[in-house]
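Chemist:
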Amino acid sequence: MKRTLMDILVCPECKGDLDLNIAVEKNGEIIEGSLTCNACDQLFPIEESIPNLLPQDMRS
Numbered sequence: 007m008k009r010t011l012m013d014i015l016v017c018p019e020c021k022g023d024l025d026l027n028i029a030v031e032k033n034g035e036i037i038e039g040s041l042t043c044n045a046c047d048q049l050f051p052i053e054e055s056i057p058n059l060l061p062q063d064m065r066s
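First residue of the sequence shown: 7, per this note's numbering; consecutive thereafter.
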């Protein structure tokens, strides 16, 4: 995931702002980490550079 994506991402649950937590970054690409909603505290994982913004009950 590129950092610039943060300019357009919002929480899919409540439309709140998201905080980016980076675990692994390589060549400007966020490989592993998470996005946390400031409003409802939902946590969305970033795995293999892909943010998973599905609701908790729909994730595998």
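From the three backbone atoms N, C-alpha and C, an ideal C-beta is built for every residue, glycine too. Please read these numbers as outputs of a predicted model, since none were measured by experiment.
Between Q62 and the rest of its own chain, which residues show a CB-CB distance below 6 Å, the 5 nearest in sequence each way excluded?
Modeler: Sequence index remark: in the sequence shown, residue 62 carries index 56 (1-based). So no residue of the chain qualifies.
Chemist: In whole angstroms, give me the CA-to-CA distance for N44 and F50.
Modeler: By 1-based counting over the sequence shown, the position of residue 44 is 38. By 1-based counting over the sequence shown, the position of residue 50 is 44. Whole-angstrom Cα-Cα distance: 12 Å.
Chemist: Out of curiosity, what's the CA-to-CA distance linking L60 and P18?
Modeler: As a working note, residue 60 is residue 54 in the sequence shown. As a working note, residue 18 is residue 12 in the sequence shown. L60 and P18: Cα-Cα distance of roughly 8 Å.
Chemist: Return helix, strand or coil for L41, following the three-state DSSP convention.
Modeler: The residue labelled residue 41 in the question sits at position 35 within the sequence shown. Of the three classes helix, strand and coil, the one that applies to L41 here is strand, per DSSP.
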